[in-house]
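So the structure is just underneath, and the comments pick up after that.
There are 2 protein chains.
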Amino acid sequence: MTNFAYRLLGGDGKARLGLLETAHGAVHTPAFMPVGTAGTVKAMMPESVSATGAEIVLGNTYHLMLRPGAERVHRHGGLHRFMNWPGPILTDSGGFQVMSLAKLRKLTEQGVTFQSHLDGSTHLLTPERSMEIQRMLDADVTMAFDECTPFPATEAEAAASMHLSMRWARRSREAFVDRQGYGLFGIVQGSVYPELRAESAAALLDVGFDGYAVGGLAVGEGQEEMFRILDVTVPHLPVERPRYLMGVGKPADIVGAVIRGVDMFDCVMPTRSGRTGQAFTRRGTVNIRNARHQDDPRPLDEACSCPACRNYSRAYLHHLAKAEEVLGLMLLTWHNLHYYQDLMRELRAAIGEGRVTHYAAEFAALQALGDIEPL
Amino acid sequence: MTNFAYRLLGGDGKARLGLLETAHGAVHTPAFMPVGTAGTVKAMMPESVSATGAEIVLGNTYHLMLRPGAERVHRHGGLHRFMNWPGPILTDSGGFQVMSLAKLRKLTEQGVTFQSHLDGSTHLLTPERSMEIQRMLDADVTMAFDECTPFPATEAEAAASMHLSMRWARRSREAFVDRQGYGLFGIVQGSVYPELRAESAAALLDVGFDGYAVGGLAVGEGQEEMFRILDVTVPHLPVERPRYLMGVGKPADIVGAVIRGVDMFDCVMPTRSGRTGQAFTRRGTVNIRNARHQDDPRPLDEACSCPACRNYSRAYLHHLAKAEEVLGLMLLTWHNLHYYQDLMRELRAAIGEGRVTHYAAEFAALQALGDIEPL
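Quick mapping for you: the protein sequence lines, in order, are chains A and B. Yeah, the first sequence ends on 375 if you go by the working numbering, and it's all consecutive. Yeah, the second sequence ends on 750 if you go by the working numbering, and it's all consecutive.
As structure tokens, this is what we get:
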């Protein structure tokens, strides 16, 4: 099954350069997908998201099914039109959020019954319903419905959870309606157990998906363990299909995963941090609320060309954060998303030029320096 | 004294068309000035404020002196550079906010001693200090320091307050440093008493200012009373200088004041309402949080070309408001400011074409229709 094309354009070691061609446009990989939980990348105009270089955004099935409702989004022409994002959209399956946000969950073979965290109303999410919702949202990339295995889990618990997810993956595939330019990704589970990861990957390959995600990571296992799991999981994934590491992560996580052969990422970190005054820069994270910035005329990141860095001083951004002005979170979110896209651009360039290992070392050295000295 | 030019370009009845030429650019009047209290027009990028057609913004001396501090803004090159607004800026004198926001105020002939509402620190605001602060902020238009007479006030109270403001106006003029392109406006007080308004205007003219504001209105007296006071005050102001009605107002207030000869306005209404889900349209106000909009595919205002109306449905804006998404207040603020600037553009065009009375009648008829019927 190949509902959309994925062209491998180059590689450097295990790192890959690719182009995913969806119904709403192409995505250069490695790609970072900003999270647009409730039909908006928080505090950003969609034109601004696009201006950072993002080519695809993520929507959350759980949030959207509860508010404004998938049927409503469908009546309004799908999520692209509703939220004014004409480019590709990936939606998650709701499996993760239903376990982390909903109340009174009951998990059975059929699916998950839960109460909305918004109004207490009861809902049932199954592989079939998740596929239906994601189709109504008009997602270019649909994710199979799975259970995100809790962490930590014993091997027996992880196996039982993974086996359920694999049965749900098959039901997701059967319920998914093939359309040109729209794809379905399976999700490898198996917690921290290499044999389970291999078994999960084989089960998904047996079904056949348009892409393969690695789930159940970035849940508290730490970067070293995450890289170890990637090292034993990625080799089981087909070369010719895109690979997506879900919910990851910090810039250093992304760099490490790219050199391990991962193509796609999403994370709330740049947007969420932007709303709490934390900025990502080439020299690590900066808390703009810190008094050391209150008279600093320099930009957040000299090497950044985003509006926050081009037009404003740290002193001004500090002032906005202290005064809790909306513009402060707008500018920091913009900067963080721009920085993440710069990182992906630089990674793609480095892969194309066969110097990604060198780039990763330079990246780490610069991050380790820490923020510029106060004036 | 003429620190900046004000060219009268035309008129229609009492309504006037003019051009104010400041150190940071020209302002077409009648003009509406968005309020940028703490060095930002809330929830707007300055480029977006400019895109609505605004040519001048207002900054608040009281807020800026407390945070980030006038000296700090001065060190960072003045307010234009600090907030990335290269166009003209008018700052108020702090007189109004110190009475409405500060704690433990003590008013003497010298000025007002008060405690900051932010941290309880003690400050003294005098005509001389207000001029100094506004100069450090680099305001193109500086406002004389005055006492905003409480409403209601007896004639004796209003007279005493106005006389104090007139003594402070003279001290403001003496402390103001003349610079080409920078002007100082005096403020007419006198509450609802025509004789006091006339006396106040005469006192200001005796000193001589670059422009004349009408203060102490929009404080609870009602539109009819406000228009009555304008009718008896504006004739006392010199034809060749700009006239500014402070803190006004609703669209209908502005239309009524323009046809009474007022040139400049400011109000928090479009920005503040935008943050609470209230939109101003050609057919009156719309509360986007109301359930009637939840499935409405139409724009807020069919005749509006702002991004909120061009690219989004009422259903989407309703969703954003219910979900308390930052983009919701960004879009509604943008729309409201755009609507206000459309109103000023239309008023200027109507004055230029000698049909402002007709325009005012059409405006009122459309507003009276109320919002479009639900689908």
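Positions of the beta carbon are idealized from the N, C-alpha and C atoms, including for glycine. Remember, it's a predicted structure, so these values are computed and weren't measured experimentally.
Range of the contiguous beta strand (DSSP E) that encloses residue i
i: A26/A; result: 25-29
i: E396/B; result: 390-397
i: A380/B; result: 380-387
i: V487/B; result: 487-490
i: K322/A; result: Here K322/A belongs to no beta strand (DSSP E); instead the alpha helix (DSSP H) covers 314-322.
i: I562/B; result: 558-563
i: T497/B; result: 497-500
i: F640/B; result: 639-642
i: L107/A; result: 103-107
i: L441/B; result: No beta strand (DSSP E) holds L441/B; the alpha helix (DSSP H) holding it covers 436-441.
i: L539/B; result: Careful: L539/B lies outside any beta strand (DSSP E), inside the alpha helix (DSSP H) at 530-550.
i: R179/A; result: Neither: R179/A is in no beta strand (DSSP E) and is coded neither H nor E.
i: R618/B; result: 618-620
Own chain residues within Cβ distance below 7 Å of residue i, not counting five before or after
i: L237/A; result: A201, Y212, R243
i: G470/B; result: F520, D521, E522, C523
i: R282/A; result: D301, A303, L366
i: G393/B; result: Y381, R382, L383, L384, T404, P617, D638
i: S48/A; result: W334
i: L104/A; result: F114, Q115
i: G53/A; result: Q341, R345
Closest Cα partner of residue i within the set the options
i: G215/A; options: F265/A, R179/A, S50/A; result: F265/A
i: I56/A; options: A102/A, L184/A, M131/A, V141/A; result: V141/A
i: W460/B; options: E503/B, P409/B, H498/B; result: P409/B
i: E221/A; options: G208/A, D253/A, F209/A; result: D253/A
i: I133/A; options: K103/A, A175/A, W168/A; result: A175/A
i: G186/A; options: S165/A, T52/A, L196/A; result: S165/A
i: S547/B; options: L706/B, V582/B, S566/B, V567/B; result: V582/B
i: F363/A; options: H293/A, T271/A, G256/A, H318/A; result: G256/A
i: T376/A; options: I351/A, Y193/A, A139/A; result: Residue 376/A lies beyond the stretch modelled for chain A, which goes from 1 to 375, so this question has no answer here.
i: F407/B; options: A698/B, V623/B, H693/B, T397/B; result: V623/B
i: V701/B; options: L230/A, M44/A, D92/A; result: M44/A
i: E240/A; options: A218/A, M226/A, D210/A, E224/A; result: D210/A
i: M601/B; options: L579/B, L580/B, I726/B, K625/B; result: K625/B
i: S505/B; options: G462/B, G727/B, L439/B, E532/B; result: L439/B
i: L707/B; options: C642/B, L479/B, F655/B; result: F655/B
i: A156/A; options: D138/A, A139/A, L196/A; result: L196/A
i: P775/B; options: V731/B, A426/B, Q564/B; result: Residue 775/B lies beyond the residue range present for chain B, which begins at 376 and ends at 750; the question has no answer from this structure.
i: A102/A; options: R355/A, S121/A, T91/A; result: S121/A
6 Å CB neighbourhood of residue i in its chain, flanking five on each side removed
i: S491/B; result: L441
i: L125/A; result: G94, V98, G111, V112
i: V633/B; result: A390, P405, L722
i: C681/B; result: W709, H710, H713
i: L692/B; result: I663
i: P749/B; result: R667
i: D553/B; result: N378
is_contact[residue i, chain E] using C-beta, thresh 9 Å
i: T466/B; result: Absent from the structure: chain E. Protein chains present are A and B.
Endpoints, alpha helix (DSSP H) assigned at residue i
i: C148/A; result: Note, C148/A: premise wrong, no alpha helix (DSSP H); not H, not E.
i: Y359/A; result: 356-369
i: G220/A; result: No alpha helix (DSSP H) holds G220/A; DSSP gives it neither H nor E.
i: Y193/A; result: Y193/A -> no alpha helix (DSSP H), and no H or E assigned at all.
i: L702/B; result: 701-727
i: L79/A; result: 78-83
i: R72/A; result: 70-75
i: R310/A; result: 307-311
i: P46/A; result: 46-51
i: A418/B; result: Per DSSP, A418/B belongs to no alpha helix (DSSP H) and is neither H nor E.
One or two residues paired with residue i in a DSSP bridge
i: Q278/A; result: N287/A
i: R228/A; result: In DSSP, R228/A forms no bridge with anything.
i: P409/B; result: C642/B
i: I89/A; result: V57/A
i: G211/A; result: F185/A
i: V609/B; result: DSSP, once it has assigned bridges, lists no residue as partnering V609/B.
Beta-carbon contacts of residue i that lie in its chain and below 8 Å, excluding the five residues immediately before and after
i: R542/B; result: E484
i: R275/A; result: K42, A43, L329, L332, T333
Check: residue i C-beta below 8 Å from any heavy atom of the ligand PLP
i: S536/B; result: The model depicted lacks the ligand PLP and carries no ligand whatsoever.
Taking beta-carbon pairs under 9 Å, can you tell me which members of the segment 551-570 of chain B lie near chain A? Across the segment 551-570 of chain B, no CB contact with chain A closer than 9 Å is found for any residue.
Can you give me, in chain order, the residues of the segment 659-691 of chain B that have a beta carbon less than 8 Å from any beta carbon in chain A? Q669, D670, P672, P682, N686, Y687, S688, A690, Y691
Chain-ordered residues of the segment 12-42 of chain A with a beta carbon less than 7 Å from chain B: A38, G39, T40, K42
What residues in the segment 628-645 of chain B bring their beta carbon closer than 9 Å to a beta carbon of chain A? none
Short-range partners of chain B found in the segment 45-68 of chain A, where Cβ spacing is below 9 Å: Listed by position, the residues of the segment 45-68 of chain A near chain B (Cβ gap below 9 Å) are M45, P46, E47, S48, H63, R67, P68.
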